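To keep things clear, I will list the structure first and then write my remarks on it.
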Amino acid sequence: MGGHGNLNLLPRSTTRPRTGGTGTGAVGSSPCRYSIHYRSASKVAAGRRSAATSVSCSAASSQAPPSQSTIKVVIVGATKEMGRAAIAAMSRARGMELAGAIDTQCIGMDARELSVMDEAPEIPVLNDLTMVLDSIAQTRATGVVVDFSEPSSVYDNVKQATTFGLSSVVYVPKIEMDTVTELSAFCDMASMGFLVAPTLSIGSVLLQQAAIEASFHYNNVEIVESRPNPSDLPSPDAIQIANNISDLGQIYNRQDMNSDNPARGQVLGEDGVRVHNMILPGLASSTLVVLSGPGEVYTLKHDVTDVQSLMPGLILAIRKVIQLKNLIYGLEKFL
């Protein structure tokens, strides 16, 4: 979008460094069989300026020749809703092959049963990431670890993947920015590709880019989001939008930016961006950005009704990350 795509900055770390991880792709408790519902991406801290300078944001300058072989994909967090959807997506994606399903739940279950796949090789759910990585490394195949696990496991999982010569795509709620910064330095030294994706939704990325472009032209902006179930609010999408359109030399909603009336919603950041949340059963997960100026209103909206909407972004991320030699933050770098 225009010349402002590089304004999608990292949030500043507001948490302590990681407290460790098992390196086995441990995930929270989740049943082996359940219906798929959409959940928001990880919550990103509102302040993000200091970490931005320590993580590379340019994919174009760090690309290596792409591999022509089939990409072996390992899913960490295979029994989660995203993991189940990703397993099915791998069976349909051209040039990709599911090579491992890692979780602490449903050990030994055939991954095909998690995603109702009929035509796919038998892949048992394991809790040993190292064994799967070693098997792929011995074949010298191009591989990618897709991590849906937990913040405490990401550091060790990515280091293991890098050690065995595999790139990583991480979509993990509440990942600490200290961990991202630390892994950025590690991946730079190892010359391995690594994507941290606050969202895998292409529609969400396009909405955020449009909001950046529009924010140069409007003095008022508010974010209204709806979710069918309670979750961490404001959502990561709302926080990311507010981060993106802050520090652009614009102060929004000047007429009441200091109002503490709770009916006016929460102010995100220091530039007056307000966000309102609705939690109502039956609603789609929706993000609405409303900008206005004298005599006009400009509205941007994105709805998500199923986790399947994130799969095109995941497939894109897997294809692109194998071309990198460093860490990239944000799916938008690939669009």
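Per this note's numbering, the very first residue in the sequence shown carries number 917; after that it's consecutive.
Just so you know, even glycine gets a beta-carbon here, dropped at the ideal spot from N, CA and C.
All figures in this text were calculated on a predicted structure; none of them were measured in a lab.
On the DSSP letters alone, give me the boundaries of the beta strand (DSSP E) that residue i sits inside.
{"i": "Tyr1245", "result": "1243-1245"}
{"i": "Thr1203", "result": "1201-1209"}
{"i": "Leu1196", "result": "No beta strand (DSSP E) holds Leu1196; DSSP gives it neither H nor E."}
{"i": "Leu1111", "result": "1110-1112"}
Would you tell me roughly how many angstroms separate the C-alpha atoms of residue i and residue j, rounded to the nearest one?
{"i": "Ile1039", "j": "Thr1095", "result": "30 angstroms"}
{"i": "Ile1167", "j": "Asn1177", "result": "19 angstroms"}
{"i": "Ser985", "j": "Ala1106", "result": "21 angstroms"}
{"i": "Leu1122", "j": "Val1205", "result": "12 angstroms"}
{"i": "Ser1100", "j": "Gly1109", "result": "10 angstroms"}
{"i": "Ser1084", "j": "Leu1230", "result": "12 angstroms"}
{"i": "Gly1165", "j": "Asn1193", "result": "26 angstroms"}
{"i": "Ser1120", "j": "Thr995", "result": "25 angstroms"}
{"i": "Ala1057", "j": "Ile987", "result": "7 angstroms"}
{"i": "Val1112", "j": "Ile1052", "result": "22 angstroms"}
{"i": "Gly999", "j": "Ala1009", "result": "15 angstroms"}
{"i": "Asn1136", "j": "Ala1077", "result": "45 angstroms"}
{"i": "Gly1011", "j": "Leu1232", "result": "12 angstroms"}
{"i": "Met1182", "j": "Glu1029", "result": "One detail in the question is off: residue 1182 reads as Gln in this sequence, not Met. The alpha-carbon atoms of Gln1182 and Glu1029 are separated by roughly 43 angstroms."}
{"i": "Ile991", "j": "Val1048", "result": "11 angstroms"}
{"i": "Lys1090", "j": "Val1061", "result": "19 angstroms"}
{"i": "Arg1171", "j": "Gly1188", "result": "Checking the sequence, you will find Gln at residue 1171 rather than Arg. Their backbone Cα atoms lie some 10 angstroms apart in a straight line."}
{"i": "Leu1196", "j": "Pro1146", "result": "9 angstroms"}
{"i": "Asp1163", "j": "Asn1169", "result": "15 angstroms"}
{"i": "Asp1153", "j": "Glu1013", "result": "30 angstroms"}
{"i": "Met1093", "j": "Asp1050", "result": "29 angstroms"}
{"i": "Ile1234", "j": "Ala1179", "result": "42 angstroms"}
{"i": "Pro1210", "j": "Thr1203", "result": "24 angstroms"}
{"i": "Gly993", "j": "Glu1212", "result": "46 angstroms"}
{"i": "Asp1026", "j": "Phe1132", "result": "52 angstroms"}
{"i": "Gly1024", "j": "Leu1240", "result": "33 angstroms"}
With a CB to CB cut of under 6 angstroms and the five nearest residues on each side skipped, what residues in its chain are close to residue i?
{"i": "Ala1200", "result": "Asp1219, Thr1221"}
{"i": "Pro1150", "result": "Val1191"}
{"i": "Lys1236", "result": "Phe1250"}
{"i": "Leu1207", "result": "Ala1130, Tyr1134, Val1137, Tyr1214"}
{"i": "Asn1174", "result": "none"}
{"i": "Gly1016", "result": "Val990, Val1048"}
Looking at the secondary structure, which residues open and close the alpha helix (DSSP H) in which residue i lies?
{"i": "Glu1248", "result": "Glu1248 -> no alpha helix (DSSP H), and no H or E assigned at all."}
{"i": "Glu1141", "result": "Here Glu1141 belongs to no alpha helix (DSSP H); instead the beta strand (DSSP E) covers 1136-1143."}
{"i": "Ser1339", "result": "Outside the shown range of the chain (917 to 1251) lies residue 1339, about which nothing can therefore be said."}
{"i": "Ala1126", "result": "1118-1131"}
{"i": "Thr1215", "result": "It is not in any alpha helix (DSSP H) - Thr1215 instead sits in the beta strand (DSSP E) that spans 1212-1220."}
{"i": "Asn1159", "result": "1152-1160"}
{"i": "Val1051", "result": "Looking at the sequence itself, residue 1051 is Ser, so the reference to Val does not match. Segment 1045-1054, the alpha helix (DSSP H) holding Ser1051."}
{"i": "Ile1234", "result": "1227-1237"}
{"i": "Leu1099", "result": "1093-1106"}
{"i": "Ala1005", "result": "997-1008"}
Skipping 5 residues on each side, what residues in its chain have a beta carbon closer than 7 angstroms to that of residue i?
{"i": "Val1088", "result": "Ser958, Asp1063, Phe1064, Ser1065, Glu1066, Pro1067, Val1070"}
{"i": "Ala1005", "result": "Met1227, Leu1230, Ile1231"}
{"i": "Thr1046", "result": "Gln1076"}
Does any residue of chain C bring its CB to less than 8 angstroms from the CB of residue i?
{"i": "Asp1063", "result": "The chain inventory of the structure shown lacks chain C, comprising one protein chain alone."}
I'd like the list of long-range same chain contacts for residue i, defined as Cβ closer than 8 angstroms, with 5 residues on each side in sequence excluded.
{"i": "Ala1001", "result": "Ile952, Ser1031, Val1223, Gln1224, Leu1226, Met1227"}
{"i": "Ser983", "result": "Confidence at Ser983 is low in this model, with a pLDDT of 44, below 50, so its placement is unreliable and the value that follows should be read with caution. Hits under 8 angstroms: Thr1058, Ile1238."}
{"i": "Ile1118", "result": "Pro1228, Gly1229, Leu1232, Leu1247, Leu1251"}
{"i": "Val1074", "result": "Val1061, Asp1063, Ser1084, Val1086, Leu1099, Phe1102, Cys1103, Phe1110"}
{"i": "Glu1186", "result": "Ser1162"}
Using DSSP bridges, identify the partner residues of residue i.
{"i": "Pro1040", "result": "Asp1026"}
{"i": "Asp1063", "result": "Val992, Val1086"}
{"i": "Ala1017", "result": "Ile991, Val1041"}
{"i": "Arg1190", "result": "Glu1138, Val1183"}
message: Measuring CB atoms only, is the region 1130-1145 touching the region 1209-1220, in the sense that at least three cross pairs come out at less than 8 angstroms?
response: Segments in contact, yes.
Open item on the list: I want to know whether the region 1049-1067 touches the region 1079-1093 - three or more CB-CB distances under 8 angstroms.
Closed with: yes
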